[in-house]
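Have a look at the structure below, then the notes.
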Amino acid sequence: MTLSRRIFMGAVAAGATLGPGAGEAAWATGRDGEAAGAPGGLPVPQGDGYDGSALWLRYAPVGDRDLLRRYREQVTTVIVENADRNKVYRHTPDLSMAPGSAERLMESTLEAAREELVRGLRGLLGRPVRVSQGPGNRIPDGAVIVGTRDSSWAVRRSVPAEDLASLGTDGFLIRSLSEGRRRFTVIAAPTEVGALYGTFAFLRRIQTHKPLGELDISESPRVANRHLNYWDTERLYAGNDASGTGGLDGENGAIFNFAATGDSAGLNLPLVLDRYLVAARAMASVGITGITINNVNADNAYLTPEYIAREAALADALRPYGIRIALSIRYAAPTDPRFAPDTLTEEQMAPVSPDFQAWWNRKARQLQESIPDFIGFTVKANSEGQPGPQDFGYDHGDGANGMAVAVAPLGMTIYWRTFVYNPDVDSDRLKRAYLEFGSIDDEPRPDGTRGRFLDNVFLQTKNGPLDFQAREPIHPMFGRMENTNQAIELQVTQEYTGQSTMLCFLAPMWEEVLKTDTHATDGEGRPLERSLVGNVVDGTAQGHSATSIVGVANLGNADNLTGHHFSQANLFAFGRQAWDWTLDSAGIADDWVRMTWSNSRDVVDTLVTMMMGSWEALVSYQTPLGIAHQFQANVHYGPGPSESDLPREDWNPVYYNQADSVGLGYDRSPTGSDLTAQYFPALQARYGSIDTVPENLMMWFHHVPWDHPMSSGRIFWDELVHHYYAGVRYVSGMRETWDALEREIDARRFSEVRAKLAQHEIDAADWRDTCVTYWQRFSGREIHADD
Ligand code: GCW
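Here's what the structure looks like:
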């Protein structure tokens, strides 16, 4: 384990030395020089009552006075020409915000860019900036120009067409330019959405106190479709009812209201709430392009005309931010009587049947009439009781293609999930997905190519073969599905990583996954030039142009939108990594801390250090050394290593831990279930032997004897115990570190995080004690807690 106690404790000490003299932090947290309520617009959220509702778009005043002076010189005027020329499509004629809202609906993407700049600069620079529709024939000193070559004379004049052409639809460039003694900044892009992304990137520089003087930045995302999946009714930990996932006043805790009752009955879509637009701005700020708005365990209500009207309103509100919507559907929806008389019989449900395809085509068309840029459908089929093509005698290839054929003429896509398991296929449920999907990908086609899945299908595969555990080996399908479009699915909502109680920064996990080498080979067995999981996802490994990354999102209707203030960081990090998976997670944490908390060097160092170790610590006290799924039934929060009475064997912790007097862990090596055979040869060999498997994945692949020697010099049992204890010590360290920051952090957020960390420490200790005591029944050895 890489948890560095020395560095971490150093950070604790640094935090403790901070005093009221740290002027910058005082500004940034609004303790003096309060800048709330800037003239003519939305208040900048500041002060001790601040609730976290602005996410990382808080735009706190720049506290360093020299830097502030420089910024004020460099940025005087915002120029967005023709901002209202390309109004986005609106389906809902009377689209409106709920009474009393602070946010405002945008009519165009450039308007959203301009408003964000105005709002952001006013907050950051502590005074309003000038806004101009056009530069006349002279670009003023200190101008920040945003646009495309179509929208802006100033962009046409200062950025050659070929410089923009190579950026791709979502890319942008930011340049510091001058004419005579006049210096200005151009944020230009081939599309208006690119210009919006550039605007956020520019603001981020100021939010993180980076220089603006000599900018020559150009960025394009590595992955084209950067989506959130939103399970509106499941695994949400950000509801405004602190006691659980639910909401108050008739809301269910989800971010979007479709069916709120009671006091909130009047707050359903098509009415737009502030939090939808805060979320939209936040999503756009990290480049999210789409959101599947409902649970993959889908409710057919989302396909009814009443819901479609609400979805259209939501799509209208999100559209200026470049965010399109999709729906999860239930494969058997056509048989639902609520669609009568347009329903199908069981006989018509074969995916190859023209009736089936026509039904989905009709439904998709109905959606497209109200939502012209509707993405398509996400499908969980033949998984955890959801219906699917296998119920009608067909396989996943037929099912996905049946739907894909239906929606292809409308330009839509099917995201078909590969999260399937079934003990009838193999008693090790982790092998099922590849067994079912691999052969379809390999299938020879009449035209000499391979692979049956159609071009408008993405197979959406979780990062690991089990189910979003805190650490998993990579899914063996990555690199093996060379003839099919692949989307990776990551879980931003912290189902197995502490929900909204534990502070767990997930970017290092995603970085580990995306930078793991699949060791994939080509048809002749030669290693690919680029073979990291990230290369598979961004298409560079096997030459795919259709690319996608999906995060199961953690938004809710809590004031801070994610339940735990530090869970905001996971949404931020997901977006940044979706844009560029090669980014370093510590850099992402650094940006987020500066944008969300403070630019004080000590606060930044302390929080970044704390966050960077938090995931490894959680792995340590919950499921160290590759043990998996030791959770209490259903809730997936607390420990339940002894549980064995769930209806399916492979839902029980004892199935995963295989504890006995010999040792602990599930043998998936060639002597066991041989999951290892699904990996490419280099990984097969590495994972297949207990001598070469990485220790942090040891129990995924081996039943490890209690006295197995580990690299630390300890035997396995002592190493295991050491991990549980070290993990909890880290959490205690986080609590102490946080306490030492009291004077640096605004009061409400400080006390909310403090309360979370106190509970976190108790619950982490519960994991340690429950698991260690239970394992001891099998190992019969002493607990050396001090190691
Ligand atoms: O981890 C499991 C979750 C389910 C979820 C399922 C899936 C939405 O416990 O809540 O269903 O994964 O990913 O389909």
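Quick note: the sequence shown uses our numbering, first residue 1196, plus one each step.
No residue lacks a Cβ here, since even glycine has one placed at the ideal position from N, Cα and C.
| Check | Outcome |
| --- | --- |
| What residue range is occupied by the uninterrupted alpha helix (DSSP H) comprising ASN1765? | 1763–1774 |
| Residues in the same chain with beta-carbon distance under 6 Å from ASN1277, minus the five sequence neighbours each way, listed in chain order, please. | SER1346 |
| Can we count ASP1845 as close to the ligand GCW, meaning its CB is less than 7 Å from some heavy atom? | no |
| Pick helix, strand or coil for ALA1512, following the three-state DSSP scheme. | helix |
| For PHE1453, does the three-state DSSP call read helix, strand or coil? | coil |
| In angstroms, rounded to a whole number, what distance separates the CA positions of ASP1637 and PHE1700? | 38 Å |
| Would you check if the distance between the CB atom of GLN1269 and the CB atom of GLY1408 is smaller than 8 Å? | yes |
| Expressed to the nearest angstrom, what Euclidean distance is found between the alpha-carbon atoms of VAL1381 and ASN1556? | 44 Å |
| Would you say the beta carbon of TRP1792 comes nearer than 7 Å to a heavy atom of the ligand GCW? | no |
| Do you know how far the Cα of TYR1629 is from the Cα of GLY1718? | 18 Å |
| Check the DSSP bridge columns for GLY1342 and list the partner residues they point to. | ALA1383 |
| For ALA1736, is the classification buried or exposed, using 16 other Cβ atoms within 10 angstroms of its Cβ as the cut-off for buried? | buried |
| Assuming GLU1264 is part of the alpha helix (DSSP H), what are its boundary residues? | What sits at residue 1264 in the sequence shown is Arg, not Glu. Looking at the DSSP string, the run of the alpha helix (DSSP H) that includes ARG1264 is 1260–1269. |
| Whose C-beta lies closer than 7 Å to the C-beta of MET1905 among residues of the same chain, with five residues either side of it excluded? | GLU1890, PHE1911 and GLU1914 |
| Who are the near neighbours of GLU1706 in its chain, counting only those whose CB is closer than 6 Å to its CB and skipping five residues on each side? | SER1780 |
| Could you give the first and the last residue of the continuous alpha helix (DSSP H) run that contains LEU1630? | 1627–1637 |
| Return the residue from the list PRO1385, PHE1379, THR1386 and GLU1414 that minimises the CA-CA distance to ALA1396. | GLU1414 |
| Could you check how far apart the C-beta atoms of GLY1517 and LEU1398 are, in whole angstroms? I think they sit under 8 Å. | No, GLY1517 and LEU1398 are not in contact; Cβ-Cβ is about 16 Å, not under 8 Å. |
| Helix, strand or coil for LYS1575, going by three-state DSSP, please let me know. | coil |
| At what residue ranges does the region 1784–1861 contain a whole run of the alpha helix (DSSP H), taking only runs of 4 or more? | 1796–1817 and 1848–1852 |
| Are the CB atoms of PRO1722 and THR1716 nearer to each other than 8 Å? | yes |
| Just to confirm my understanding: we take ALA2000, look at its own chain, exclude 5 residues before and 5 after, and list those with CB closer than 6 Å. What are they? | With the chain running from 1196 to 1982 in the structure shown, residue 2000 is simply not present. |
| Can you give the beta carbon distance from VAL1687 to ASN1765, rounded, assuming they're within the 8 Å contact cut? | 5 Å |
| For HIS1591 versus ILE1635, is the C-beta spacing smaller than 8 Å? | yes |
| Inspect the beta-carbon positions of TRP1970 and VAL1948 and report whether they are closer than 8 Å. | no |
| Is the beta carbon of GLN1581 sitting closer than 8 Å to the one on ASN1492? | yes |
| On the criterion of 16 or more Cβ atoms from any shown chain inside 10 Å, does HIS1824 qualify as buried, or is it exposed? | buried |
| Between the Cα of VAL1283 and those of LEU1513, MET1806 and SER1373, spot the shortest distance and give me the residue it belongs to. | LEU1513 |
| Just checking, does the region 1771–1787 make contact with the region 1845–1861 on the three C-beta pairs under 8 Å criterion? | no |
| Kindly examine the ligand GCW and report whether one of its heavy atoms sits closer than 7 Å to the Cβ of VAL1491. | yes |
| Given this structure, state the Cα-to-Cα distance separating MET1894 from GLY1633, to the nearest angstrom. | 25 Å |
| Since I believe ARG1612 is in contact with LYS1984 (beta carbons under 8 Å), could you give me their beta-carbon distance rounded to a whole number of angstroms? | Nothing in the structure corresponds to residue 1984, since the chain is present only between 1196 and 1982. |
| For ASP1358, verify whether its CB is less than 7 Å away from any heavy atom of the ligand GCW. | no |
| Measuring only the C-alpha atoms, how far is GLY1366 from VAL1354? | 14 Å |
| Mapping DSSP to helix, strand and coil, what is ARG1280? | coil |
| Going by other Cβ atoms of all chains shown within 10 Å of its Cβ, with 16 needed for buried, is GLU1690 buried or exposed? | buried |
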